[in-house]
Amino acid sequence: MLGSVISRRIFQITNTPLVRSTSQINIQKLESEQTAEVVEDDETRKKEENLQLKRNKSRLSEVHYRMLHEENPYPEPKLWHHGTISYMRKAYGKYGAASGFDPSLCWPIKEELQESIEYEKVKYPFTVPQLIEEAKNKREEKEKLKLQRQQQVAENMQKLEQWKRDLQAKIEKSQSEAMEAKLRKERLIEEVRRHFGYTVDPRDERFQELLEKKEKEQKKQMKEARKKEKEAKLVKKLLEKKGKEGKNEDAIEGKLEKE
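Converting from the sequence shown to the numbering used here requires adding 87 to each position, the first position being numbered 1.
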């Protein structure tokens, strides 16, 4: 019994260094293999980059080249604003999944939703039924104005003939007054010529002075005539008014007597 225990112990002691040395050899081998793979990956990546540079005959920078081919120009942040939410949202909206950003960033955060709600409350203070009612009132008001305009146009068309007659009468009156003024001028000139008793040049100074004097006298007479005509019309109007009032008084007295 004792001999068997001693044998097992000796066996364990003799085999233990062999296991440890084997594990150390495996670890070193793995490390060397990983290092070799990393070196190979770096070399492959550099070769690929050099190959891509040679293929790029446009001589564009990497950023511009990516933009030309509709790729995210900055797959890794370069500037301070590349880490902002607004930039990442724009990049995802333009390049989609190729931008490398999480699409959940496009959904507004709680603060943005709250600000949006407050903004809409200020900009659109009325409810949908209120807006519908307001639009309805505006439409009715517009139709009302349209009908009024159409009625006004129809009334004006009915008055068109009368306006034409009034305009024609005004033109004829203007022409008549101009003709009368011309005839008065000619009569004054003839009167001045008769005053001198012989033919006088209208450009003569004495002729012009006498003509001016005659014109002033004529204007004064016309003014007096208009004044008298106006007074006569006023007197006639007052008499007509007084006559109507007298008739009304007689009618009232007669009515009172009958009662």
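Every residue, glycine too, gets a C-beta built ideally from N, C-alpha and C.
Less than 8 angstroms between the CB atoms is what I'm expecting for residue i and residue j, so what's the real figure, rounded?
{"i": "G170", "j": "P164", "result": "5 angstroms"}
{"i": "L192", "j": "I172", "result": "6 angstroms"}
{"i": "R280", "j": "Q305", "result": "Actually they are not in contact, since the Cβ atoms of R280 and Q305 sit about 16 angstroms apart, beyond 8 angstroms."}
{"i": "L298", "j": "L275", "result": "6 angstroms"}
{"i": "P195", "j": "S203", "result": "7 angstroms"}
{"i": "E278", "j": "K300", "result": "Wrong, their Cβ atoms sit about 11 angstroms apart, outside the cutoff."}
{"i": "L155", "j": "L147", "result": "7 angstroms"}
For residue i, does the count of other Cβ atoms within 10 angstroms reach 16, so buried, or fall short, so exposed?
{"i": "E178", "result": "Rather than Glu, the amino acid found at residue 178 in this sequence is Ala. Classification of A178: buried, given that the 10 Å Cβ count is 16 or more."}
{"i": "P160", "result": "buried"}
Does residue i come out as helix, strand or coil in the three-state DSSP assignment?
{"i": "L166", "result": "coil"}
{"i": "R280", "result": "helix"}
{"i": "L147", "result": "coil"}
{"i": "N159", "result": "coil"}
{"i": "P212", "result": "coil"}
{"i": "I97", "result": "Because I97 carries a pLDDT of 46, less than 50, the predicted location of this residue cannot be relied on, and no value is offered for it."}
{"i": "R290", "result": "coil"}
{"i": "G187", "result": "coil"}
{"i": "S108", "result": "With a pLDDT of only 47 at S108, under 50, the local geometry of the prediction cannot be trusted, and no value is derived from it."}
State the start and end residues of the unbroken alpha helix (DSSP H) segment that holds residue i.
{"i": "S173", "result": "172–182"}
{"i": "L192", "result": "Taken as a continuous stretch (DSSP letters only), L192 belongs to no alpha helix (DSSP H), as it is neither H nor E."}
Note down the Cα distance separating residue i from residue j, rounded to an integer number of angstroms.
{"i": "D189", "j": "E157", "result": "18 angstroms"}
{"i": "E259", "j": "Q308", "result": "24 angstroms"}
{"i": "K257", "j": "K310", "result": "22 angstroms"}
{"i": "G180", "j": "Y174", "result": "10 angstroms"}
{"i": "K320", "j": "K269", "result": "28 angstroms"}
{"i": "R313", "j": "M244", "result": "37 angstroms"}
{"i": "K134", "j": "D128", "result": "10 angstroms"}
{"i": "K246", "j": "Q235", "result": "16 angstroms"}
Under 7 angstroms, Cβ to Cβ, is there at least one residue of chain C near residue i?
{"i": "L140", "result": "Absence of chain C from the displayed structure is noted, only one protein chain being present."}
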